[in-house]
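>
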Amino acid sequence: MKKLPLILSFTLVLTTAASAGFYNDRSDWNELQNFKQYYVMGLFDEISLQNLGDDYAQLEFKDNLVNCIIKYKVKSNTLVDLVDNYYQDVANWTVRPRHALVQSLIKFCKL
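Here's what the structure looks like:
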C-alpha cells in the first residue's frame, strides 16, 4: 500500500510529460506563441525527411516539397503564416498543426 502513492505520482508525471509534446488543434497551436517557428520547422523536417520505407510516390512528393521551399526561399515565419492562414477557416480548428502545414504546402507548392 505504501507503493501506491509512488506509483500514482509516477504515472501522472509520465502521462503529463507524454501528452505535452502533442499539439492537436488550433488552440494548442496558439499556445505556442513565440515558439511556433521552431515547432513548424520540426514539423517540416519530419514531413520532408526521406525514410527507408518510403515508396516512389512519397519520395517524389518529398523531393518536390523541398525543391519548392528552396525555390521560393521559404523561411520559418512563412511556414507559420501558412498554418495560421489555414486556421482562419473555423472548419479547420480541430485539425493538427501537422495536417494544417501539409495541406497548406500542397496548395502553396501546387503539388
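Residue 1 is where the sequence shown starts when you use our numbering, and the numbers rise one by one after that.
For each residue, glycine too, the CB sits at the ideal point set by N, CA and C.
Everything numeric in this text was worked out from a predicted model, so none of it was measured.
1) From the DSSP output, in three-state form, read off Phe-10 for me.
2) So for Thr-94, helix, strand or coil by DSSP?
3) With a CB to CB cut of under 6 Å and the five nearest residues on each side skipped, what residues in its chain are close to Trp-32?
4) What's the call for Val-124, buried or exposed, on a 16-neighbour Cβ count within 10 Å?
5) Check Gly-53 in the structure and name its three-state DSSP category.
6) Cβ of Lys-107 within 7 Å of Cβ of Val-80?
7) Can you list, in chain order, the residues of its chain with a C-beta nearer than 8 Å to that of Val-102? Leave out the 5 residues immediately preceding and following it.
8) Do you know offhand how far Phe-22's Cα is from Phe-44's?
9) Is Phe-108 helix, strand or coil by DSSP?
10) Which same chain residues, not among the five before or five after Thr-94, have their C-beta less than 6 Å away from its C-beta?
Looking at the atomic coordinates:
1) Residue confidence is low: Phe-10 scores 45 on pLDDT, short of 50, so the model does not pin down where it sits. No coordinate-derived value is stated.
2) Coil.
3) Looking at the sequence itself, residue 32 is Leu, so the reference to Trp does not match. The beta carbon of Leu-32 is closer than 6 Å to those of Tyr-39 in its chain, skipping five residues each way along the sequence.
4) Residue 124 falls outside the range modelled here, since the chain spans only 1 to 111, and no answer is possible.
5) Coil at Gly-53, not helix or strand.
6) Remark: C-beta atoms of Lys-107 and Val-80 do not approach each other more closely than 7 Å.
7) Excluding positions up to five away in sequence, the list reads Ile-47.
8) Near 15 Å, if we compare the C-alpha coordinates of Phe-44 and Phe-22.
9) Residue state for Phe-108 is assigned as helix, using DSSP reduced to three classes.
10) For Thr-94, same chain residues with a beta-carbon under 6 Å away, outside a window of 5 residues either side, are Asp-25 in chain order.
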